[in-house]
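Reviewing the structure listed below.
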Amino acid sequence: MTIDSQQLKIAADSESLAQQAMALFLDQAEQTLSQQEVFRVSVSGGRTPKRFFELIAASQRGQALDWQRVQIFWTDERFVPADDPQSNYRMTREALLSQVPIPDHNIYRIATTEHRTACLAAVAYEQTLRDVFAVQSGQLPVFDLLLLGMGTDGHTASLFPGTYAPFNREDWVCGVKGAPGGLHRISLTAPVLCAARMIAVVAGDHDKAQTFKQVLEGPFDAAVTPIHVLEPVWSRVQWYLDQAAASLLSH
Numbered sequence: 000m001t002i003d004s005q006q007l008k009i010a011a012d013s014e015s016l017a018q019q020a021m022a023l024f025l026d027q028a029e030q031t032l033s034q035q036e037v038f039r040v041s042v043s044g045g046r047t048p049k050r051f052f053e054l055i056a057a058s059q060r061g062q063a064l065d066w067q068r069v070q071i072f073w074t075d076e077r078f079v080p081a082d083d084p085q086s087n088y089r090m091t092r093e094a095l096l097s098q099v100p101i102p103d104h105n106i107y108r109i110a111t112t113e114h115r116t117a118c119l120a121a122v123a124y125e126q127t128l129r130d131v132f133a134v135q136s137g138q139l140p141v142f143d144l145l146l147l148g149m150g151t152d153g154h155t156a157s158l159f160p161g162t163y164a165p166f167n168r169e170d171w172v173c174g175v176k177g178a179p180g181g182l183h184r185i186s187l188t189a190p191v192l193c194a195a196r197m198i199a200v201v202a203g204d205h206d207k208a209q210t211f212k213q214v215l216e217g218p219f220d221a222a223v224t225p226i227h228v229l230e231p232v233w234s235r236v237q238w239y240l241d242q243a244a245a246s247l248l249s250h
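Residue numbers (numbering that gives the first Met the number 0): 0 to 250.
As structure tokens, this is what we get:
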């Protein structure tokens with residue numbers, strides 16, 4: 000599986016990577032809002048998103064964004080309370096959402112332990128997407144920007160190897176059992192990920208270098224590296240890596 004060189008952007012270090020991701024977010028938001036009424040973005044958790052969220056909140060450009068017209072969603076979530084330190088929602092709120100003038104009704108978090116199980120939470124979040132996007136039967140919700148990460152095991156969102164989640168084509172959102180750490184998860188599924196207008200994978204650190212080599216230069220195998228669920232739209236995925244993560248790539 001190969002990518003065009005224009006799809007790959009390599010930053011010198013983790014701080015430069017966060018700055019690139021901030022620029023990507025703001026560029027896409029401003030461009031989208033110049034053409035339509037609402038900018039819909041789905042974000043993920045992790046160290047890199049936390050830092051570029053902080054950069055957005057600290058920048059004049061970030062503060063000047065028309066947050067009244069921005070809607071925030073999540074690619075995935077751990078089945079923990081919203082105030083738990085492991086919550087992707089909590090991290091995003093602390094780093095970004097509490098620092099910018101976005102209305103609460105524009106924040107569509109994945110409700111977790113309000114439901115009895117992760118699967119019921121997934122059903123509820125899918126209904127939220129159906130209500131907000133109001134798409135016709137047979138169509139999918141289309142995010143203007145989808146921000147993904149990748150783990151050392153090749154997972155993205157909460158589509159983990161060894162689980163059924165990467166192969167779920169029936170649902171928009173699914174519950175995930177068998178994720179590392181024993182926590183159940185809720186995740187957008189491959190069809191929804193692939194439907195986004197702009198898909199960006201933002202990840203760094205040397206411990207992911209071998210996985211990125213396998214993902215970007217090895218054979219396609221979503222069972223081994225679930226990020227390969229993006230294969231149907233591979234040509235329009237943008238990869239934002241730091242030098243450490245890209246260090247083993249042949250090109």
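Using N, Cα and C, we set each Cβ at its ideal position, and we do this for glycine too.
Starting from residue i, follow its DSSP beta bridges and name the residues at the other end.
i	result
Arg-39	Gln-70
Arg-77	Arg-184
Leu-158	Thr-155
Gln-237	Ala-199
Leu-147	Val-200
Cys-173	Ser-186
Leu-7	Trp-238
Ile-106	Ile-71
Based on Cα-Cα distance, which residue from the options lies nearest to residue i?
i	options	result
Ala-94	Gln-59, Ile-55, Ile-106	Ile-55
Leu-182	Gln-98, Arg-89, Ser-15, Thr-111	Thr-111
Gly-153	Trp-171, Val-201, Ala-22	Val-201
Ala-57	Asn-87, Gln-67, Leu-96	Leu-96
Gly-61	Ala-10, Ala-28, Phe-78	Ala-28
Pro-2	Gln-237, Arg-184, Ala-243	Inspection of the sequence shows that residue 2 is occupied by Ile rather than by Pro. Ranking the options by Cα distance to Ile-2, first place goes to Gln-237.
Ser-246	Ser-234, Gln-209, Val-232	Gln-209
Ala-63	Arg-46, Val-79, Leu-32	Leu-32
Cys-193	Leu-144, Pro-160, Ala-222	Leu-144
Gly-44	His-205, Leu-229, Ala-156	Ala-156
Gly-180	Ala-121, Phe-78, Leu-23, Ser-13	Phe-78
Ile-109	Pro-102, Ala-81, Leu-229	Ala-81
Gln-85	Gly-203, Asn-105, Ala-121, Arg-46	Arg-46
Asp-65	Pro-102, Val-122, Arg-235, Ala-133	Pro-102
Arg-89	Ser-13, Leu-7, Gln-6, Phe-52	Phe-52
Give me the Cβ distance between residue i and residue j, rounded to the nearest whole Å; I'm assuming they're in contact under 8 Å.
i	j	result
Leu-248	Ala-199	So it is not a contact: roughly 17 Å between Cβ atoms.
Asp-170	Glu-125	6 Å
Asp-241	Ala-10	5 Å
Trp-73	Val-99	Incorrect: roughly 17 Å between the Cβ atoms, too far for contact.
Pro-160	Ala-222	7 Å
Gln-19	Tyr-163	Contact doesn't hold; Cβ gap of about 34 Å is too wide.
Please return the same chain residues whose Cβ sits closer than 7 Å to the Cβ of residue i, not counting the five positions on each side in sequence.
i	result
Asp-220	His-227
Tyr-107	Gln-70, Ile-71, Phe-72, Thr-127, Val-131
Pro-231	Cys-193
Thr-151	Asp-206, Lys-207, Thr-210
Asn-105	Val-69, Gln-70, Ile-71
Please work out which residues of its chain come closer than 6 Å, Cβ to Cβ, to residue i, disregarding the five sequence neighbours upstream and downstream, and give them in chain order.
i	result
Arg-50	Ala-17
Asp-83	none
Phe-211	Ala-244
Pro-165	Leu-158, Ala-221, Pro-225, Val-228
Using a Cβ-Cβ cutoff of less than 8 Å, which residues in the same chain neighbour residue i once the five nearest sequence positions on both sides are dropped?
i	result
Asn-167	Cys-173, Thr-188, Ala-189
Ser-15	Asp-241
Met-149	Thr-155, Val-200, Ala-202, Lys-207, Thr-210, Phe-211, Val-214, Ile-226
Does any heavy atom of the ligand ZN sit closer than 7 Å to the C-beta of residue i?
i	result
Ala-156	No copy of the ligand ZN appears in this structure; indeed no ligand is present at all.
Touch check for the segment 117-128 and the segment 175-193: three-plus C-beta pairs under 8 Å?
-> yes
So does the segment 186-199 actually touch the segment 211-220, counting three or more Cβ pairs closer than 8 Å?
-> no
Pair every Cβ in the segment 67-76 with every Cβ in the segment 26-41, then say whether three or more of these pairs are closer than 8 Å.
-> yes
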